[in-house]
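Student: If you scroll down you'll find the structure; I have some questions about it.
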Amino acid sequence: AAAVFNDCYSLANRSIGLLTRQWARMGAPNVRVNELMLGFFETRHGPGTRGWSVMSEEEKQALISHTLLKRVGTLEDACKAVDFLCFGAPFMTGARIVLDGGYILGGEDVPDMPQGVVQPGESVFGGSRPPETDKS
């Protein structure tokens, strides 16, 4: 969302990331600290919010089109991520989870993967076995 808003927003996001890591260091081993970075959500910068209501349909569609999953997040998406952080990730601390449907990655044309040059079962070393096992 920083690309849509401004430099101060970007600075605040970066600062939160630094605080997350520092607090994780300070709280360990008894307290885990992680960051959940939200993108465009129905309840945050999305449908039903003031920011969303002042945008044109073209601007809204551009944001959704730029998002890899082609939608804004839901409250359920955020709750599942929080549940994971609280109960499903006991070995995680100092981490940032970006929950933006691929917005940050969106818009970049990624070419299809080229056809592989090594066929299934074929050695990548050119022989039938890797060099370290070839006894001939």
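So for the sequence shown, our numbering puts the first residue at 89; every next one is plus one.
Note that the Cβ used here is the ideal one computed from N, Cα and C, for glycine as well.
State yes or no: is the C-beta of E57 within less than 8 Å of the C-beta of V160?
Tutor: This structure gives no information on residue 57, because the portion of the chain shown stretches from 89 to 224.
Student: Given this structure, state the Cα-to-Cα distance separating E146 from G195, to the nearest angstrom.
Tutor: Counted from its first residue, the sequence shown places residue 146 at position 58. Counted from its first residue, the sequence shown places residue 195 at position 107. One C-alpha to the other measures close to 16 Å.
Student: Name the DSSP beta bridge partners of E147, please?
Tutor: In the sequence shown, residue 147 corresponds to position 59, counting from 1. None, per the DSSP bridge assignment.
Student: Got a sec, what are the start and stop residues for the alpha helix (DSSP H) I104 sits in?
Tutor: Reading the sequence shown from its first residue, position 16 is the one you call residue 104. I104 -> alpha helix (DSSP H) spans D95 to G115.
Student: Determine, using beta carbons only, whether N101 and A183 come nearer to each other than 8 Å.
Tutor: One-based indexing of the sequence shown puts residue 101 at position 13. One-based indexing of the sequence shown puts residue 183 at position 95. Contact flag unset, no.
Student: Between T162, M180 and C167, which lies nearest to T108 when the distance is taken from Cα to Cα?
Tutor: On the sequence shown, residue 108 is found 20 positions in, with the first residue counted as 1. Looking at the Cα atoms, M180 is the closest of the given residues.
Student: Among the residues of its own chain, which have a CB less than 8 Å from the CB of L163, if the five just before and after it don't count?
Tutor: Residue 163 sits at position 75 when you count from the first residue of the sequence shown. Excluding residues within five positions, the ones whose Cβ falls inside 8 Å are F129, E130 and T131.
Student: Note down, in chain order, each residue of its chain lying with its Cβ closer than 7 Å to the Cβ of A165, except the 5 sequence neighbours on either side.
Tutor: Position 77 of the sequence shown, counted from the start, is the residue given in the question as residue 165. Correcting the residue type first, residue 165 is Asp in the shown sequence and not Ala. Taken in chain order, the residues that qualify are L187.
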